[in-house]
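Here is the structure we will look at.
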């Protein structure tokens, strides 16, 4: 609708009088404007800043908040204005939209904040004017990327039940997921290096004490090199077949660049095996050996920088193509000119135009070997022009490629930085969460204390404890308390929980099959955790190669609700905890291995909340919380 | 032969060197290029601005009240902050009211009808005077205004060609998707009907007296003249 030019509607209607004499039939009746109120000023109070506008301005867009009756919800009777508790800076651009019909996106605004404001006021972002639309879309895309990154990380953390094939594929794609994958990653890397070095050393002339001429090492120690080569190819073949088996889409995997490189790397060996006896194709055999050098490309799975380089080259294909094309043109031109210029001089090396190509290329790239030099004056003049222009032609497309590379590299750096900051962010979130959980437990104990104090009758202590919690906190605690009562479970802190589940396992251990021991979970899990139970800093794990951090920090990364597989923790190895609270065994009512859900509140381990003296009198803490964290793996940075 | 070739090539080489030399000298300004660069770019004055006459004068000249003039001016200035409307803007604004068809031709005629002093832009005075006639004028004045709209070359006569142009412009605003489907000769037929009605002495043109006479005798037209009186 022509709401942007609503002010001109009376004019357009008036001008319709021009049609009247031409018309042959009577006109329809004009609509009556019954609500003939005078145009009045509306005051919009946004967080204290007052905006005023005409009512008709706002009425132009009746499907937004301000243009419809929805704004009546915000009407303040006493001050006779509409009050919105929103950001006044962002409101400016929204009100300007009503005034001018164009929505602008202020560049200093955060994209998500702005989106929220738009949603609140009922304006769809697609009507942002052309002047600001690109910027808006760019920022929105960046934001989306960031959200997607976060989601991917979370997905990695969440361990759904994968079957064997999917696990293998994940292990291949992301070697940090399990120790086995890491081992495999390093082993393949090592063998690639061995293979490449072998190829290189093969051609070095070894000692020639007994021979008349130097023989390359390859011919001297044929058997040794053949064995090394075979071993490497075995490994590569096995790796390729395993990847092929694990790939979710085999067809797509076979078409991917990496798999083609793999195939090209191992094929020469097999072809060589087949063709050894046929001397006629020995030339081709030699060529095949050249292809073995492609094994070095397998390193791109191991190096992100290589991948970035490859991606850059791919994305700059057009610039590279242009460079090639212009170079070819220049080479042909100058080669022709040089050939005809040098035709007359005796003993000229410029025997033909293709022969001059070599001179032109060497000159244009400023190599200047000097094996072909012009001798005539004309040749020298044109040769100098050739070298000058060569510099220009090559220098032009290079900045484009460089800027592309820089952009992609910085994007990757940003992604890495985000991932690193994410850890810090998660830590902050964890601390906040555990802080609130601590507060609840603290207040619970204080509540118990309060009961005790009421019994014993000290007023001032009671008051001291009461005023430490605000109304909001106390309502929140009351809510959690109600939940406890509903589920007949209680919140505990971490030490309690661990001790309880420890004793649970101890109790139930004889009745369980030995499968619950170390073998059920990955071997490294069990042994790795043994030394870390009581370490104050769980993140300082002694074994760097162990990707699964301490039990405590695992739990810390869990958010509230968690349903786990019912394997209890294997506590057999940590005897130290058993000696702590022997009297806790009485309070264990749970059966191990049950899958239950409970809200696990996890305070930071260094802070042990003081057990008030009244605690043993508290009702027994029933911990039916299942063991958690066995199958959760943390993606650590390598 | 070969020596001639060589000499020819040498000459070309020397020529190239000379040309490069000249270009380098030009770069250093030692050799004048030969044409004068106009150092001063023409200062283009920024867009024409216009301030209307005072409110009292407009009140006297038109039949609008003070408040109505205020409302009109606010709307006008909102759309055209510079105070004048040129034909392009006018066409844009008018086209927004008729999205299906092409309103540019009719807007052009309308623009000419509003632009009383024919200076290529409609100022607020022109705007308000026109509106005053259309909304608050007598039937006679409105009919005179309509006649001026149809009379494209302002010679006092409406010819068939002029009427055809106007008619085509009006039908253009309808666009393609109409029911019944618009045919090529529809405007022409309409013009014929119009002339049959208006041209009393059948001389092929319609004068203003014929026009006013005929319109005043037509009930439909009379009634429709009062249609937009409560617009503002």
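Residue numbers (the UniProt record's numbering), protein chains in the order written: chain S, 1 to 638; chain X, 1 to 232.
We put the CB at the ideal spot given by N, CA and C, even for glycine.
Min CB distance residue 200 of chain S to chain X below 8 Å: As a working mapping, residue 200 of chain S is identified with position 200 in the first chain. Against chain X, the CB of residue 200 of chain S has no partner CB under 8 Å away; the residue lies outside that interface.
Coil, strand or helix - residue 181 of chain X by DSSP: Against the second chain, residue 181 of chain X aligns to sequence position 181. Residue state, collapsed to three classes: coil.
Do residue 42 of chain S and residue 50 of chain S have their C-beta atoms within less than 8 Å of each other? Within the first chain, residue 42 of chain S is the residue found at index 42, counting from 1. Within the first chain, residue 50 of chain S is the residue found at index 50, counting from 1. In this structure, the beta-carbon distance from residue 42 of chain S to residue 50 of chain S does not fall below 8 Å.
By the 10 Å Cβ neighbour count, where 16 or more other Cβ atoms means buried, how is residue 113 of chain S classified, buried or exposed? Position 113 of the first chain, counting from 1, holds the residue named residue 113 of chain S. In summary, residue 113 of chain S is exposed, with fewer than 16 beta-carbon neighbours lying within 10 Å of its beta-carbon over all protein chains present.
Mind the definition here: the segment 162-179 of chain X touches the segment 106-116 of chain X only if three or more C-beta pairs lie below 8 Å; say whether that holds. Of all C-beta pairs linking the segment 162-179 of chain X to the segment 106-116 of chain X, three or more are shorter than 8 Å, placing the two stretches in contact.
List, from N- to C-terminal side, the alpha helix (DSSP H) runs of 4 residues or more that fit wholly inside the segment 62-142 of chain S. Counting whole runs of 4 or more residues, the segment 62-142 of chain S contains the alpha helix (DSSP H) stretches 88-100, 111-120.
Would you mind stating whether residue 84 of chain X and residue 132 of chain X have Cβ atoms separated by less than 8 Å? Start at 1 with the first residue of the second chain, and residue 84 of chain X comes out as number 84. Start at 1 with the first residue of the second chain, and residue 132 of chain X comes out as number 132. No. Outside cutoff.
In this structure, does DSSP put residue 157 of chain X in helix, strand or coil? Residue numbering aside, residue 157 of chain X sits at position 157 when the second chain is read from its first letter. Secondary structure at residue 157 of chain X: strand, using DSSP grouped into helix, strand and coil.
Just list the residues that DSSP pairs residue 53 of chain S with in beta bridges. On the first chain, position 53 is the one that residue 53 of chain S refers to. According to DSSP, residue 53 of chain S bridges with S:42.
Whole angstroms is fine: what's the gap from residue 123 of chain S's alpha carbon to residue 394 of chain S's? By one-based count along the first chain, residue 123 of chain S stands at place 123. By one-based count along the first chain, residue 394 of chain S stands at place 394. The straight-line gap from Cα to Cα measures roughly 51 Å.
Interface flag, residue 144 of chain X vs chain S, CB-CB below 8 Å: Counting from 1 along the second chain, the entry for residue 144 of chain X is found at position 144. Using beta-carbon distances, residue 144 of chain X does not count as an interface residue toward chain S, since no partner is under 8 Å.
Who are the neighbours of residue 26 of chain S on chain X, taking C-beta pairs under 8 Å? Translated into the one-based positions of the first chain, residue 26 of chain S becomes position 26. Identification of chain X residues near residue 26 of chain S by a Cβ-Cβ cut-off of 8 Å yields 220, 223, 224, ordered along the chain.
Residue 177 of chain X at chain S interface by Cβ criterion, 8 Å: As a first step, residue 177 of chain X must be located in the second chain, where it is residue number 177. Using beta-carbon distances, residue 177 of chain X does not count as an interface residue toward chain S, since no partner is under 8 Å.
Beta carbon proximity, residue 30 of chain S to chain X, threshold 8 Å: By 1-based counting over the first chain, the position of residue 30 of chain S is 30. Closer than 8 Å: yes.
For the segment 364-380 of chain S, which residues have a CB atom closer than 8 Å to at least one CB atom of chain X, in sequence order? Cβ contacts with chain X come from 376, 377, 378.
Grab the span of the alpha helix (DSSP H) containing residue 148 of chain X for me, first residue to last. In the second chain, residue 148 of chain X corresponds to position 148, counting from 1. That run of the alpha helix (DSSP H) goes 139-150.
Identify each residue in the UniProt domain "EF-hand" (138-173) of chain X for which the Cβ-Cβ distance to at least one residue of chain S is less than 9 Å, and report them in chain order. Look at the UniProt domain "EF-hand" (138-173) of chain X: the residues with a C-beta under 9 Å from a C-beta of chain S are 142, 143, 145, 146, 147, 149, 150, 163, 166, 167, 170.
Tell me the residue span of the alpha helix (DSSP H) that contains residue 132 of chain X. Position 132 of the second chain, counting from 1, holds the residue named residue 132 of chain X. Under the DSSP assignment, residue 132 of chain X falls in the alpha helix (DSSP H) whose first and last residues are 124-136.
Are the beta-carbon atoms belonging to residue 98 of chain S and residue 66 of chain S less than 8 Å from one another? Stepping through the first chain from its first residue, residue 98 of chain S is reached at position 98. Stepping through the first chain from its first residue, residue 66 of chain S is reached at position 66. Less than 8 Å separates the beta-carbon of residue 98 of chain S from that of residue 66 of chain S.
Residue 95 of chain S to residue 68 of chain S, Cα distance in whole Å? Taking the first chain and counting its residues from 1, the one referred to as residue 95 of chain S is at position 95. Taking the first chain and counting its residues from 1, the one referred to as residue 68 of chain S is at position 68. So the alpha carbons of these two residues sit roughly 14 Å apart.
From what residue to what residue does the alpha helix (DSSP H) around residue 391 of chain S run? Indexing the first chain from 1 puts residue 391 of chain S at position 391. Residue 391 of chain S -> alpha helix (DSSP H) spans 377-395.
According to DSSP, is residue 199 of chain S helix, strand or coil? Position 199 of the first chain, counted from the first residue, corresponds to residue 199 of chain S. In this structure, residue 199 of chain S counts as helix in the three-state DSSP scheme.
Our contact map puts residue 185 of chain X next to residue 198 of chain X with C-beta atoms below 8 Å; I'd like the distance itself, whole angstroms only. Counting from 1 along the second chain, the entry for residue 185 of chain X is found at position 185. Counting from 1 along the second chain, the entry for residue 198 of chain X is found at position 198. A Cβ-Cβ separation of about 20 Å leaves residue 185 of chain X out of contact with residue 198 of chain X under the 8 Å criterion.
Note down, in chain order, each residue of its chain lying with its Cβ closer than 8 Å to the Cβ of residue 220 of chain X, except the 5 sequence neighbours on either side. The residue you call residue 220 of chain X lines up with position 220 of the second chain. Around residue 220 of chain X, the same chain offers no residue with a beta carbon nearer than 8 Å, after the five sequence neighbours per side are excluded.
Mapping DSSP to helix, strand and coil, what is residue 351 of chain S? Position 351 of the first chain holds residue 351 of chain S. Three-state DSSP puts residue 351 of chain S in coil, outside helix and strand.
Assigned exposure category for residue 199 of chain S - 16 Cβ within 10 Å defines buried: For the purposes of this step, residue 199 of chain S is taken as the residue at position 199 of the first chain. Residue 199 of chain S is classed as buried because its beta carbon has at least 16 other beta carbons within 10 Å across all chains shown.
Please report the distance separating the alpha-carbon of residue 218 of chain X from that of residue 54 of chain X. Within the second chain, residue 218 of chain X is the residue found at index 218, counting from 1. Within the second chain, residue 54 of chain X is the residue found at index 54, counting from 1. Those two C-alpha atoms are separated by around 40 Å.
Are the beta-carbon atoms of residue 329 of chain S and residue 379 of chain S separated by less than 8 Å? As a position in the first chain, residue 329 of chain S is number 329, starting the count at 1. As a position in the first chain, residue 379 of chain S is number 379, starting the count at 1. Not a contact, by the Cβ cut-off of 8 Å.
Using a cut-off of 8 Å between C-beta atoms, extract the partners of residue 11 of chain S located in chain X. Working through the first chain from its first residue, we reach residue 11 of chain S at position 11. For a Cβ distance threshold of 8 Å, residue set 127, 131 of chain X lies close to residue 11 of chain S, ordered along the chain.
Does DSSP put residue 86 of chain X in a helix, a strand or coil? Start at 1 with the first residue of the second chain, and residue 86 of chain X comes out as number 86. Note: residue 86 of chain X maps to strand in three-state DSSP.
With distance defined between alpha-carbon atoms, name the residue in S:271, S:297, S:295 nearest to residue 286 of chain S. Against the first chain, residue 286 of chain S aligns to sequence position 286. Comparing Cα positions, the closest option is S:271.
Check the Cβ-Cβ distances between residue 358 of chain S and every residue of chain X, and say whether any is below 8 Å. Taking the first chain and counting its residues from 1, the one referred to as residue 358 of chain S is at position 358. By this cut-off, residue 358 of chain S is not an interface position.
Report buried or exposed for residue 24 of chain S, applying the criterion of at least 16 other Cβ atoms within 10 angstroms of its Cβ. Within the first chain, numbered from 1, the residue matching residue 24 of chain S stands at position 24. Per the 10 Å Cβ criterion, exposed.
Can you check which of these residues, S:312, S:265, S:288, is closest to residue 295 of chain S by C-alpha distance? The residue given as residue 295 of chain S occupies position 295 in the first chain. Taking only the C-alpha atoms, the option nearest residue 295 of chain S is S:265.
What is the rounded straight-line gap between the Cα of residue 88 of chain S and the Cα of residue 76 of chain S? Position 88 of the first chain holds residue 88 of chain S. Position 76 of the first chain holds residue 76 of chain S. Inter-residue distance for residue 88 of chain S and residue 76 of chain S is about 18 Å (C-alpha atoms, whole angstroms).
C-beta neighbour in chain X for residue 20 of chain S, strict 8 Å: In the first chain, the residue the question calls residue 20 of chain S occupies position 20. The C-beta of residue 20 of chain S comes closer than 8 Å to at least one C-beta of chain X.
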